[in-house]
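Residue numbers (our numbering): 164 to 317.
Next up, the structure:
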């Protein structure tokens, strides 16, 4: 639905460009645009239309000098995620050029936003293999990724 207008090279094109393409580091576009400043004190290299519209909760950075002490405080209810997400509002309200995504797609989008915009799915994570690093044999439980059990959920 969104790519009808948000795909560069189409006659109706309008920013943001939601085509899959290289981004920054391990992350692709449009993921970076949709999540915006996904870590406290971090911003994606280029801000533009649609930047951060998913409305995710910023996470702690790997760089401790970039973490905001306020990040450890209790967040105000309904401050982030699908209840305030501009992306969810645009996809569900019909006020954005009469666009209203189908219920299944909307629920998937809400689940993605409410899970803080996970980047990789289970298949991609399992494909990375089990970790192996110096000292792993000293761990009480060896970490597993590709060989982790699959839990069937009803």
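In this text, a Cβ means the ideal position worked out from N, Cα and C, and glycines have one as well.
Given that a residue counts as buried once 16 or more other Cβ atoms are within 10 Å of its Cβ, and exposed if not, what is residue i?
i: residue 254; result: buried
i: residue 195; result: buried
i: residue 217; result: buried
i: residue 197; result: buried
i: residue 169; result: buried
i: residue 238; result: exposed
i: residue 250; result: buried
i: residue 280; result: buried
At a threshold of 7 angstroms, does residue i count as lining the ligand NAP (C-beta to nearest heavy atom)?
i: residue 172; result: For the ligand NAP, the structure offers nothing, since it holds no ligand at all.
Excluding the 5 residues flanking residue i on each side, which residues of the same chain have their C-beta closer than 6 angstroms to its C-beta?
i: residue 310; result: 293
i: residue 301; result: none
i: residue 184; result: 192
My assumption, with CB atoms under 8 angstroms, is that residue i sits in contact with residue j. Please give the rounded CB distance.
i: residue 243; j: residue 219; result: 6 angstroms
i: residue 308; j: residue 291; result: 6 angstroms
i: residue 212; j: residue 178; result: 4 angstroms
i: residue 200; j: residue 221; result: 6 angstroms
Does DSSP put residue i in a helix, in a strand, or in coil?
i: residue 191; result: strand
i: residue 185; result: strand
i: residue 198; result: helix
i: residue 281; result: coil
i: residue 222; result: strand
i: residue 246; result: coil
i: residue 311; result: coil
i: residue 173; result: coil
i: residue 159; result: Here the chain has residues from 164 to 317 only, and residue 159 is not among them.
i: residue 239; result: coil
i: residue 232; result: helix
In its own chain, which residues sit with a C-beta less than 8 angstroms from the C-beta of residue i, not counting the 5 before and 5 after it?
i: residue 260; result: 168
Within its chain, find whatever has a CB closer than 7 angstroms to the CB of residue i; leave out the 5 residues flanking it on each side and keep chain order.
i: residue 175; result: 167 and 168
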